[in-house]
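Sequences listed follow chains A and B, in order.
Here the first sequence stands for residues 1 to 272, where the numbers follow this note's numbering.
Here the second sequence stands for residues 1001 to 1255, where the numbers follow this note's numbering.
Beta carbons: idealized from backbone N, C-alpha and C, even for Gly.
As the structure is a prediction and not an experimental result, all values here were calculated from the model.
Working notes for the structure below.
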Amino acid sequence: MTMNDPRAGEARSRDPMLAIRQLRKVYDGSGRTVEAIRDVTFSLDEGELVCIVGPSGAGKTTLLRCIAGLLEPTSGEVMLAGKPIAGPSPGMAVVFQEYGRSLFPWMRVRQNVELPLKEKGKSPEERRRLVDESLEAVGLRDAREAYPWQLSGGMQQRVAIARAIAYEPKVLLMDEPFASVDAQTRAELEDLVRAIWVRLGVTIVFVTHDIDESVYLGERVVVLSASPTTVMQDVPIDLGSVRSQLETRADPRFGQLRGQIYALIKDAKHQV
Amino acid sequence: MKTIWGRLWTIFLVPVVLFVLWLVVSADSSNFFFPALAKILAAFRDTWLCGSGAAEIAPSLWRLAVGFLAAFAFALVAGVILGSSKVARDYTEPVFEFFRAIPPTVMIPVLLVISGIGDASKIAVISLGCVWPMLLNTIEGVRSVDSVLKDTCSVYRIHGLRRLLVLTLPAASPQIVTGMRTGLSIGIILMVISEMFASRNGIGFTIIQFQRTFAIPEMWSGILLLGIIGVVLSLLMRLFEMSVLHWYEGARERS
Ligand SMILES: Nc1ncnc2c1ncn2[C@@H]1O[C@H](COP(=O)(O)OP(=O)(O)OP(=O)(O)O)[C@@H](O)[C@H]1O
Ligand SMILES: [Mg+2]
């Protein structure tokens, strides 16, 4: 790391990997206007893993869709590596909450993972390598010829994750990806996200409404207020880089951080 | 899993029983209008297999094929366009509802006046009749493509032709196939009726000729032939469906 070109380091310190500045989003439709996000500003450096928590309806999905370029903000801007984004960028991948609906049921697992790579113009050999590696990384090597609907919910979400990492994004966005899998699977998938993050060094934005999950996963937790949404606090999570479901969750520091964020969110609800 | 024999038994038991029943009950029928099945079968062989009728099958099926495929091609293109654009849909929907409400058979006299007794008018009638279920189903199928899949395609920047091929058409295919099945059965009806009204060849024309000359067993044999054609076509349709929609059936069984 120390051997890096110093200028590259400078460029990074000037431009964060992802910067959200004074983002505001107002939905305006059928006579009802909703200010889903009032003013959100935060940024991520390259290789950070940041969780975003907020109460239900706080506009987390809205925020993520704006970052992904799927939704036009009312005002403010989203910058990826110093460039404002307009529309989905080749540097980002998204894992959606609805795993059952985000895989193409008419394609095999392998084809689902490969599809975005075709669009990216990768050669067949490279595609095969990326598909194999990413399915290996999520532990689904044997399922490559299966159809998504032949897999369990947890496995389907693994396929969606494999598809996202095969795409080699600079930034990986995840919107409550484990909200509808059982607790056991959820713990496994959380560890999978940590493992992928450590291995690939990809920048991850992980949205969740589960405070425990945000503390367990994140290096930082951005706490959103209830609607009209602003950033309440940006909490650094000093739990070390190696986490384990048993030990980390039993760590007294884990309890403290969790309590702190609980209190913030409770405040957020009272302010309404 | 049933054995192949078990499956054949299930498929053929009732038809065979009915057939035998018809054969036995009608064996010594003296009713002029309901002749013995044996007579009908003999007429079937003499007319359609080795007689003059054999040459009448091809023109009918040809017109059906052209009419159906032309309608399908139009429905697919127009359906994808209209299904993707809410504005276009809002403008065209009332007109479609109107046209769909007109029974296609009433167009036969109109088209005869315009384009005469040739193939074109009959093909037009067939197309006009079977285009609506195909068009409306395609629109509906394209319109209701899952929003999460659309977002997924947008995120991975899959646009244009590839999006059409990997997302829109497969996602709409169950609905499109449903429209094709309905369209085909309407097409068969119109094929026969248009020939009965005005034609110099075809199965429908031949059946009417038999009826006018009181060749009753031959007339019945024509009806039998239409039944068989209907079954074969729907079987072909089913095979097509199984090859295009195997994923759909599998996914549906799971849930
Ligand atoms: N397409 C839309 N049109 C109008 N209003 C919308 C739309 N999408 C979301 N909203 C509104 O914006 C607000 C925030 O919604 P959003 O889905 O972003 O919240 P969320 O934090 O993701 O909630 P949850 O935790 O339940 O997923 C809600 O009040 C919602 O009603
Ligand atoms: Mg949400």
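Spatial distance of residue i from residue j (CA atoms)
i: T1178/B; j: P1104/B; result: 19 Å
i: T1168/B; j: V205/A; result: 30 Å
i: G154/A; j: T185/A; result: 6 Å
i: F42/A; j: I237/A; result: 16 Å
i: T61/A; j: K170/A; result: 20 Å
i: M1180/B; j: G29/A; result: 37 Å
i: V198/A; j: E219/A; result: 12 Å
i: A183/A; j: G255/A; result: 19 Å
i: L1245/B; j: W149/A; result: 14 Å
i: G82/A; j: W1247/B; result: 43 Å
i: G69/A; j: L1008/B; result: 56 Å
i: D1151/B; j: F104/A; result: 12 Å
i: L224/A; j: L173/A; result: 17 Å
i: P84/A; j: M17/A; result: 11 Å
i: P1133/B; j: A1198/B; result: 25 Å
i: T74/A; j: C66/A; result: 10 Å
Contact under 8 Å by Cβ, residue i with residue j
i: L130/A; j: A166/A; result: yes
i: V1142/B; j: S1084/B; result: yes
i: C51/A; j: V221/A; result: yes
i: Q97/A; j: E176/A; result: yes
i: G1227/B; j: E1056/B; result: no
i: S1194/B; j: I1108/B; result: yes
i: S1127/B; j: A1070/B; result: yes
i: R273/A; j: L140/A; result: One cannot answer for residue 273/A here, as it falls past the ends of chain A, which runs 1 to 272.
i: T230/A; j: R38/A; result: yes
i: C1130/B; j: G1187/B; result: yes
i: I265/A; j: P55/A; result: yes
i: R144/A; j: L135/A; result: yes
i: V181/A; j: A162/A; result: no
i: A1124/B; j: L1111/B; result: yes
Near ligand 2: residue i beta-carbon under 7 Å from a heavy atom
i: E176/A; result: yes
i: K25/A; result: no
Range covered by the beta strand (DSSP E) that runs through residue i
i: L1165/B; result: No beta strand (DSSP E) holds L1165/B; DSSP gives it neither H nor E.
i: T33/A; result: 32–44
i: G29/A; result: 18–29
i: E77/A; result: 75–80
i: F206/A; result: 203–208
i: L224/A; result: 220–224
i: V181/A; result: Neither: V181/A is in no beta strand (DSSP E) and is coded neither H nor E.
i: V235/A; result: 229–236
i: A166/A; result: Where A166/A is concerned, there is no enclosing beta strand (DSSP E), although the alpha helix (DSSP H) it sits in stretches over 153–166.
i: A93/A; result: 92–95
i: M174/A; result: 171–175
i: I52/A; result: 49–53
Min CB distance residue i to chain B below 8 Å
i: L44/A; result: no
i: W197/A; result: no
i: Q256/A; result: no
i: F104/A; result: yes
i: Y147/A; result: yes
Any chain E beta carbon closer than 8 Å to residue i
i: R144/A; result: Of the protein chains in this structure, namely A and B, none is chain E.
Cβ of residue i within 8 Å of any chain A Cβ
i: V1155/B; result: yes
i: T1168/B; result: no
i: W1247/B; result: yes
i: L1023/B; result: no
i: A1251/B; result: yes
i: F1240/B; result: no
i: V1267/B; result: Residue 1267/B is absent from the structure shown; chain B starts at 1001 and stops at 1255.
i: T1003/B; result: no
Endpoints, the alpha helix (DSSP H) within which residue i is located
i: V1024/B; result: 1004–1025
i: I1057/B; result: 1054–1084
i: D131/A; result: Correcting the residue type first, residue 131/A is Val in the shown sequence and not Asp. 124–137 is the extent of the alpha helix (DSSP H) around V131/A.
i: Q245/A; result: 245–250
i: L1245/B; result: No alpha helix (DSSP H) holds L1245/B; DSSP gives it neither H nor E.
i: I1102/B; result: Where I1102/B is concerned, there is no enclosing alpha helix (DSSP H), given that its DSSP letter is neither H nor E.
i: V1131/B; result: 1119–1143
Residue i CB to nearest heavy atom of ligand 1 below 7 Å
i: K1150/B; result: no
i: H209/A; result: yes
i: K60/A; result: yes
i: S305/A; result: The first residue shown for chain A is 1 and the last is 272, placing residue 305/A beyond what the model contains.
i: S227/A; result: yes
i: G57/A; result: yes
i: A36/A; result: yes
i: G76/A; result: no
i: G29/A; result: yes
i: G255/A; result: no
i: G54/A; result: yes
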